[in-house]
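Colleague: What follows is a structure written as structure tokens; I'll ask about it next.
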Amino acid sequence: MSDFLIVGAGINGLLLARELAETGAEIVIVDKNKAGSESSWAGGGIVSPLYPWRYSTPVTDLASWSQQVYPQLIAELFEETGIDPEYVVSGLLMLAAADEKAALSWAQAQRRNMEKVDSSFIYSKEPRLASEFSSALWMSDVANVRNPRLCRALKKSLLLKNNVNLLEQCELVALEKDEVQISTVRIRQLDSSREERIKANNYIFSSGAWTHDLLKSAGVTINVKPVKGQMLLYKFEKLPLSTILLTQSRYLIPRKDGHVLAGSTMEYSGYDKSTTKEAKEELRNSVVKLLPELANEEPIRQWAGLRPGTEDGMPYIGQVPPLRKPVC
Ligand SMILES: Cc1cc2nc3c(=O)[nH]c(=O)nc-3n(C[C@H](O)[C@H](O)[C@H](O)COP(=O)(O)OP(=O)(O)OC[C@H]3O[C@@H](n4cnc5c(N)ncnc54)[C@H](O)[C@@H]3O)c2cc1C
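Okay, here's the thing in structure tokens:
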């Protein structure tokens with residue numbers, strides 16, 4: 357019997373498995389897809405909340421701590437696995453933010469690196485930006501990371517450990533419980549439809565947007581909803597921008613190799629992950645307002661992912677209360 361069974365091998369499950377493995381614990385981690393192929397693949401990899409001052413203090417504390425440990429995590433993973441997740445401190449330029457005053461006082465209270473900058477700063481940083489911006493908020497220490505590579509590096513790191521068993525294409529299909537706790541879980545191998553029961557001392561659900569439905573069967577309510585985000589990808593010979601640009605919740609993220617990501621929509625349409633022409637047009641119209649030359653470029657790819665969304669933006673981290681009978 358393993359010490360921990362982790363359900364979901366997205367960024368959260370993979371990181372958790374790696375931390376727990378360091379303690380010597382025996383870990384089983386299952387995913388119904390390939391590890392790191394859902395939201396953690398689809399995201400933009402900005403290592404910061406988008407408008408960081410709009411979150412509660414606990415989220416700020418957690419995000420600030422994470423931002424500080426990222427460089428070390430990336431360096432360790434690169435050394436261990438040879439995969440470079442391309443952590444780049446590109447900075448974040450927030451144009452025409454409606455609540456600049458609140459942002460600046462948050463930054464001062466939190467001792468965060470944020471300054472109000474004028475048009476001469478803006479256009480010296482990003483000469484190809486649309487011409488109408490006269491002021492912005494600049495956070496020079498915000499980074500972005502190639503999230504698919506980060507997940508690949510984490511997966512490889514886990515495969516190198518002999519106390520971690522990663523089971524891909526294995527779906528948790530049922531939780532079996534007694535009055536107060538999960539006793540076993542039923543896992544189905546998706547390629548053969550073979551089912552087996554797995555028992556662990558502790559069960560951890562890092563199953564992203566699917567967590568609500570998974571735990572509902574055990575009578576536990578977690579208010580996580582799938583929030584679809586669509587993205588566009590452009591490719592340039594030479595990058596037309598060097599920083600992350602953000603306005604009205606739409607952003608452009610430059611990657612080292614000439615790719616530029618444009619995101620993202622927020623859609624409440626259940627587990628539907630299809631991409632739409634409407635979203636493509638909407639995203640194109642938004643980002644052309646940042647970088648006019650994008651009007652002449654065709655995106656080379658469009659995709660969608662499902663964020664695990666909560667009403668107040670707070671993540672669920674902690675112990676699940678003793679199980680109750682499901683309420684019908
Ligand atoms: C378009 C878009 C842009 C984003 N941009 C950013 C950004 O720039 N910066 C940022 O910080 N965040 C961003 N995010 C959010 C970020 O991607 C997510 O918060 C993060 O990836 C969540 O990770 P996770 O491990 O919780 O979930 P996921 O990566 O979704 O992983 C959950 C895993 O659980 C598995 N699973 C579910 N049910 C079962 C089951 N029954 N049995 C077995 N396995 C199961 C799934 O297959 C999946 O692999 C973005 C998201 C999207 C969609």
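Per the working numbering, the very first residue in the sequence shown carries number 357; after that it's consecutive. We put the beta carbon where it would ideally sit given N, CA and C, even for glycine. Source: prediction; values computed, not measured.
Give the secondary structure of residue 545 by DSSP, where H, G and I count as helix, E and B as strand, and everything else as coil.
Modeller: Residue state, collapsed to three classes: strand.
Colleague: Would you tell me roughly how many angstroms separate the C-alpha atoms of residue 671 and residue 560, rounded to the nearest one?
Modeller: Cα-Cα distance, rounded: 14 Å.
Colleague: Taking the beta carbon of residue 586 as the centre, do at least 16 other beta carbons fall within 10 Å, making it buried, or is it exposed?
Modeller: That one is buried.
Colleague: So is residue 656 buried or exposed if we call it buried at 16+ other beta carbons inside 10 Å?
Modeller: Burial call: exposed.
Colleague: Which residues in the same chain have their Cβ closer than 6 Å to the Cβ of residue 571, if we skip the five residues on either side of it in sequence?
Modeller: So the qualifying residues of the chain are 578.
Colleague: In chain order, what residues of the same chain lie with their CB nearer than 6 Å to the CB of residue 451, ignoring the 5 residues before and after it?
Modeller: Closer than 6 Å at Cβ, skipping near neighbours: 489, 492, 603.
Colleague: Between 594, 433, 502, which lies nearest to residue 514 when the distance is taken from Cα to Cα?
Modeller: Measuring from the Cα of residue 514, the nearest candidate turns out to be 433.
Colleague: Quick one: complete beta strand (DSSP E) runs, 3+ long, within the segment 575-626?
Modeller: Runs found: 581-591, 600-603, 606-610, 615-619.
Colleague: Quick one: what's got a C-beta closer than 8 Å to residue 543's C-beta in the same chain, skipping five residues either side?
Modeller: Taken in chain order, the residues that qualify are 386, 523, 526, 527, 528, 529, 551, 552, 553, 554.
Colleague: Would you mind sorting residue 669 into buried or exposed? The rule is 16 or more other CB atoms within 10 Å of its CB.
Modeller: The residue in question, residue 669, is exposed, as its Cβ has fewer than 16 Cβ neighbours within 10 Å.
Colleague: Label residue 684 either buried or exposed according to how many other C-beta atoms from any shown protein chain fall within 10 Å of its C-beta, with 16 as the threshold for buried.
Modeller: Only weak support exists for where residue 684 lies, its pLDDT of 42 falling under 50; the coordinates are left without a value.
Colleague: Beta carbon of residue 358, beta carbon of residue 556: below 8 Å?
Modeller: In this structure, residue 556 lies closer than 8 Å to residue 358 by Cβ.
Colleague: So residue 663 and residue 565 are supposed to be a Cβ contact under 8 Å. How far apart are they, rounded?
Modeller: Residue 663 to residue 565, Cβ: 7 Å. Contact.
Colleague: Apart from the five residues just before and just after residue 439, which ones in its own chain have a Cβ nearer than 8 Å to its Cβ?
Modeller: These residues qualify, in order along the chain: 433, 505, 508, 509, 512.
Colleague: Looking only at C-alpha atoms, which of 495, 435, 446 sits nearest to residue 462?
Modeller: Selected option, being the one with the closest Cα: 495.
Colleague: Along the beta strand (DSSP E) that carries residue 369, what are the first and last residues, could you check?
Modeller: That residue, residue 369, is in no beta strand (DSSP E); its alpha helix (DSSP H) goes 367-378.
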